[in-house]
Amino acid sequence: MNKATGTTAEALRLASVRKSYGSTAAVRELDLSVEAGELVALLGPSGCGKTTTLRMVAGFERPDAGSIRIGGAEVSQLPPHKRNLGMVFQNYSLFPHRTVAENIGFGLRMAGVGRAERDTRVQEMLDLIQLQGRAEMYPSKLSGGQQQRVALARSLVVNPKVLLLDEPLGALDKSLRESMQFEIRGMQQRLGITTLLVTHDQEEALSMSDKVAVMSAGRILQIGTPNDIYDRPQSRFVAEFLGTSNIFEGKVAPEGTSVLLPGRDGEIAVPLEMAAQPGSPLVLSVRPERVRLGEHAGEGANFEARVTGAVFRGNYAAYQLDVPSLGRELFVYRQADGPLGAVSHRLGETLTLSWAPRDAVPVSAD
Ligand code: ATP
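Residues 1 to 366 (full-length UniProt numbering) are what the sequence shown spells out, left to right.
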C-alpha cells in the first residue's frame, strides 16, 4: 500500500489466462492479482493447474490466451530470462561442483557484474540466510534446509521483481519444514519481495501467505486471507480442502431464519446466522473446533450425542460423536482445560453437542 496515495501497487497480474495440453484444460480462465510485497499461495490438489500457472508466469509455458503482467509490463511473449524473476524448486537444483558462494553469485556473473560487487552481494546474501561460515563448502556437505536456503539466496541475489516458489519445502521432513516456513516468510517480509508460492500443503499455505488462492480444475475458486479462507469458505470444496469440516445439506425453512436438516424422525430446524431464501437448498459447514461439548448453545443448534471415538492429538483432542436424531456422526476438536489436548470425554459418554449460528457457514454445494 502506498501511504501517500492510498493506492496499492500491483506487482503481478494474470488476466483470463488459459492453457490446454491437447484435450486437457490445465488452466481454464484464471485471474489473479498480487500486490507489491505480498506473498500469495496457489493451493490445490494434484492436477488442479498450480504448476502450469507458475510455469506460465516464469515463461516456461506460453498461455493459449490471456495476459500476464509483471510490474505493469506485459511479459507473456518474453523468454524466462527477460522476466526478472527468481525461482526456487523443490529439488534445490544447485550446481554440485560449485561452492555455496559460487552458486549464490552465479546469476550476477551471468549478468556481467564485476568481482568486487559480486563478492559484496554474495556476502549480504550469506548473512541473510545465516550461512556465513559455509561460503566455500559444496552443496552436498549441507543439510536439505541449508541447501534450500542457498537456492533461495541464489534466486534473490539478482533483485528479482517477483519470486516464484514451487513446493520449496516438499523435500524436507516435517519438523524442518515448519522452521523453514518461518524462515522463508520472515525473509520475504523483511525484503518485501512479491512472491507466488505453489503448494498442495494447506498448513504451509495458511501459515506463510498474505493471501491463499484455492484452485480446483484449472480455476481459482476462492482467494482471501488465510483467516478468511479458513473461517468463511464459500464452497464445500474449500471447506473440505482446508482442514476438516462437518457438512450439512438441508433446505431453508419457510420463515427463512433456520435450515431444515433431514433427521431420523423428520426434519430438524437449525437456526441460521442470516436469513436466507425460504425453501432454497442450503449447505452448511461447521468446523470441528467450533462445536461445543457439554454446553447448551442457547439460540444455536443443540443435539444429544454419544462419544464414539476419542483421540489425543498433542495440542487438542479429536472426537467422533454419533448424533442419533440426525442419524450421522460429527467431528469435534477440543482444547481441554488442564493439560493441552487431554481427552476428557470417554467412549460411550452421552452429552450435549452444540454450535452457535455464526459458526455454521453457508457454502455452495460444489
Ligand atoms: P501437482 O501438484 O501434481 O504438480 P498441479 O496442480 O501443479 O499438480 P499441473 O501440473 O499444473 O497441476 O497440471 C494440470 C493438468 O495439466 C493436469 O491434468 C496435468 O496432467 C496436465 N499437464 C501438465 N503439464 C502437462 C504437459 N506438459 N503435457 C500434458 N499435460 C500436462
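We put the CB at the ideal spot given by N, CA and C, even for glycine.
For residue i, which beta-bridge partners are listed by DSSP?
i: residue 281; result: 251
i: residue 262; result: 267
i: residue 74; result: 69
i: residue 216; result: 219
i: residue 319; result: 310, 332
i: residue 353; result: 293, 303
i: residue 246; result: 286
i: residue 87; result: 164
i: residue 401; result: Only positions 1 to 366 of the chain appear in this structure, which leaves residue 401 out of reach.
i: residue 198; result: 42, 166
i: residue 211; result: 40
Let's test the definition: count the other Cβ atoms within 10 Å of the Cβ of residue i and tell me whether it reaches 16, buried, or not, exposed.
i: residue 168; result: buried
i: residue 254; result: exposed
i: residue 274; result: exposed
i: residue 366; result: exposed
i: residue 21; result: exposed
i: residue 354; result: buried
i: residue 311; result: exposed
i: residue 50; result: buried
i: residue 194; result: buried
i: residue 166; result: buried
i: residue 182; result: exposed
i: residue 204; result: buried
i: residue 278; result: exposed
i: residue 110; result: exposed
i: residue 116; result: exposed
i: residue 347; result: exposed
i: residue 359; result: buried
i: residue 143; result: exposed
i: residue 241; result: buried
i: residue 77; result: exposed
i: residue 281; result: exposed
What's the gap between the Cα of residue i and the Cα of residue j?
i: residue 344; j: residue 302; result: 20 Å
i: residue 364; j: residue 44; result: 18 Å
i: residue 2; j: residue 34; result: Caution applies to residue 2, whose pLDDT of 49 falls short of 50 and renders its modelled position unreliable; the model cannot decide the point.
i: residue 75; j: residue 293; result: 55 Å
i: residue 39; j: residue 214; result: 14 Å
i: residue 81; j: residue 108; result: 13 Å
i: residue 42; j: residue 221; result: 11 Å
i: residue 148; j: residue 224; result: 28 Å
i: residue 332; j: residue 287; result: 8 Å
i: residue 187; j: residue 86; result: 14 Å
i: residue 190; j: residue 13; result: 23 Å
i: residue 374; j: residue 236; result: The structure shown does not extend to residue 374, since the chain spans only 1 to 366, so no value can be given for it.
i: residue 60; j: residue 267; result: 55 Å
i: residue 208; j: residue 171; result: 17 Å
i: residue 210; j: residue 226; result: 7 Å
i: residue 212; j: residue 206; result: 7 Å
i: residue 119; j: residue 228; result: 44 Å
i: residue 356; j: residue 66; result: 44 Å
i: residue 420; j: residue 315; result: The structure shown does not extend to residue 420, since the chain spans only 1 to 366, so no value can be given for it.
i: residue 123; j: residue 100; result: 11 Å
i: residue 217; j: residue 73; result: 28 Å
i: residue 19; j: residue 64; result: 5 Å
i: residue 9; j: residue 196; result: 16 Å
i: residue 323; j: residue 308; result: 10 Å
i: residue 83; j: residue 321; result: 54 Å
i: residue 178; j: residue 258; result: 42 Å
What is the residue span of the alpha helix (DSSP H) that residue i lies within?
i: residue 24; result: That residue, residue 24, is in no alpha helix (DSSP H); its beta strand (DSSP E) goes 24-35.
i: residue 125; result: 115-128
i: residue 227; result: 226-231
i: residue 108; result: 100-110
i: residue 331; result: Per DSSP, residue 331 belongs to no alpha helix (DSSP H); it is in the beta strand (DSSP E), 328-334.
i: residue 145; result: 144-156
i: residue 205; result: 202-208
i: residue 58; result: 50-58
Residue i: beta carbon under 6 Å from a heavy atom of the ligand ATP?
i: residue 47; result: yes
i: residue 26; result: yes
i: residue 21; result: yes
i: residue 50; result: yes
i: residue 97; result: no
i: residue 345; result: no
i: residue 296; result: no
i: residue 200; result: yes
Taking the beta strand (DSSP E) that residue i belongs to, which residues open and close that run?
i: residue 21; result: 10-21
i: residue 169; result: Here residue 169 belongs to no beta strand (DSSP E), and DSSP marks it neither H nor E.
i: residue 40; result: 39-43
i: residue 272; result: Element bounds for residue 272: n/a, residue is neither H nor E.
i: residue 360; result: 360-363
Just checking: is the beta-carbon of residue i within a distance shorter than 7 Å of some beta-carbon in chain B?
i: residue 315; result: The structure shown has no chain B; it contains just one protein chain.
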